[in-house]
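*Asks:*
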Amino acid sequence: AQSVTQLGSHVSVSEGALVLLRCNYSSSVPPYLFWYVQYPNQGLQLLLKYTSAATLVKGINDFEAEFKKSETSFHLTKPSAHMSDAAEYFCAVSSGGGAQKLVFGQGTRLTINP
Amino acid sequence: KAGVTQTPRYLIKTRGQQVTLSCSPISGHRSVSWYQQTPGQGLQFLFEYFSETQRNKGNFPGRFSGRQFSNSRSEMNVSTLELGDSALYLCASSSTGAPNEKLFFGSGTQLSVL
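Protein sequence lines correspond, in order, to chains A and B. Per the working numbering, residue 15 is the first one in the first sequence, and the count goes up by one each step. Per the working numbering, residue 241 is the first one in the second sequence, and the count goes up by one each step.
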């Protein structure tokens, strides 16, 4: 069975500071990994995904994540936080097989301090 | 291109009633999946449909059901509503529903059961 653990339900950083959101996964098969963002009263939007092509994945809005198999991690980073980054972030894993079934982490709420 | 459209945006029902939620995927997308989002349980997969067939199902009771029409629009139904069914129900679409595909989410239907 697959699972995702996001360390820290709330993360607060200052505007301009580094953003680091942690995600560890468990999967019995090579995983596909995703980071989604949810703004208030909206659905989820894909930030980036790992599909085994490259371990360092670049996404939208200067976010990136690095897949580390030895650590079973897929942490999300952004060099410089903007106020508009305030949202909830979800890490998710999907296994192979014929159809997509995402298993999500519990989410991390990111607050940006001016 | 229009995004994923979910109707209605808000619903209030009482225990024991049934409810039907609707989802129109992005034009050309054939896979539609449904997720339940609650503060306690987070995001949980309900089911996924492709070409009018349910391909995958999450761990929810039989009161939760769905269907997909020939135009890829999907509905989900919850019968005999319980207080615990109060949640944001999110619909997502993708081209084929492959495990590594990006999901496009709607803004959700917020269901409140009184």
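Idealized CB from N, CA, C, for every residue including glycine.
Distance, Cα to Cα, residue 368 of chain B vs residue 116 of chain A?
*Replies:* An answer regarding residue 368 of chain B cannot be provided, because it is not within the stretch 241 to 354 covered by chain B.
*Asks:* Note down the Cα distance separating residue 357 of chain B from residue 26 of chain A, rounded to an integer number of angstroms.
*Replies:* Any property of residue 357 of chain B remains undetermined from this structure, which presents chain B solely from 241 to 354.
*Asks:* Examine chain B for any beta-carbon lying closer than 7 angstroms to the beta-carbon of residue 82 of chain A, and answer yes or no.
*Replies:* Chain B, which has no Cβ nearer than 7 angstroms to the Cβ of residue 82 of chain A, makes this no.
*Asks:* Go ahead and pull the three-state DSSP assignment for residue 74 of chain A.
*Replies:* Here residue 74 of chain A sits in helix by DSSP.
*Asks:* Consider the Cβ of residue 98 of chain A: report whether some Cβ of chain B lies at a distance smaller than 7 angstroms.
*Replies:* Chain B contact via Cβ: absent.
*Asks:* Taking the alpha carbon of residue 75 of chain A as the reference point, which residue from A:87, A:48 and A:92 has its own alpha carbon closest?
*Replies:* Selected option, being the one with the closest Cα: A:92.
*Asks:* In this structure, does DSSP put residue 271 of chain B in helix, strand or coil?
*Replies:* Residue 271 of chain B falls in the strand class under three-state DSSP.
*Asks:* I think residue 259 of chain B touches residue 346 of chain B, with their Cβ atoms under 8 angstroms apart; what is that distance to the nearest whole Å?
*Replies:* 16 angstroms between Cβ atoms; not a contact.
*Asks:* Roughly how many angstroms lie between the CA atoms of residue 122 of chain A and residue 22 of chain A, to the nearest whole one?
*Replies:* Whole-angstrom Cα-Cα distance: 6 angstroms.
*Asks:* Could you say if the stretch 76 to 89 of chain A and the stretch 55 to 65 of chain A meet the contact criterion of at least three C-beta pairs nearer than 8 angstroms?
*Replies:* Yes, they touch.
*Asks:* Compare the Cα-Cα distances from residue 104 of chain A to each of A:127, A:96, A:70 and A:60 and report the closest residue.
*Replies:* Taking only the C-alpha atoms, the option nearest residue 104 of chain A is A:60.
*Asks:* Counting only beta-carbon atoms, is residue 347 of chain B nearer than 7 angstroms to chain A?
*Replies:* Taking Cβ atoms only, chain A reaches closer than 7 angstroms to residue 347 of chain B, which makes this a yes.
*Asks:* Per DSSP, which one or two residues make a beta bridge with residue 282 of chain B?
*Replies:* Answer is B:278.
*Asks:* Excluding sequence positions up to five away, which residues of its chain have a Cβ less than 6 angstroms from the Cβ of residue 294 of chain B?
*Replies:* The answer, listed in chain order, is 287.
*Asks:* Using 7 angstroms as the limit for Cβ to Cβ distance, is residue 342 of chain B near chain A?
*Replies:* Judged by the 7 angstroms Cβ criterion, residue 342 of chain B is in contact with chain A.
*Asks:* What residues are listed by DSSP as bridge partners for residue 85 of chain A?
*Replies:* Answer is none; residue 85 of chain A lacks a bridge partner.
*Asks:* Using DSSP's beta-bridge definition, name the partner residues of residue 42 of chain A.
*Replies:* Partner(s): none; residue 42 of chain A has no beta bridge.
*Asks:* To the nearest whole angstrom, what separates the beta carbons of residue 114 of chain A and residue 337 of chain B, a pair I think is in contact under 8 angstroms?
*Replies:* Correct: roughly 5 angstroms between the Cβ atoms.
*Asks:* Bridge partners for residue 90 of chain A per DSSP, in chain order?
*Replies:* Paired residues: A:35 and A:79.
*Asks:* Please list the partners that residue 283 of chain B has in chain A, where partner means a Cβ-to-Cβ separation under 7 angstroms.
*Replies:* Simply 104 and 118.
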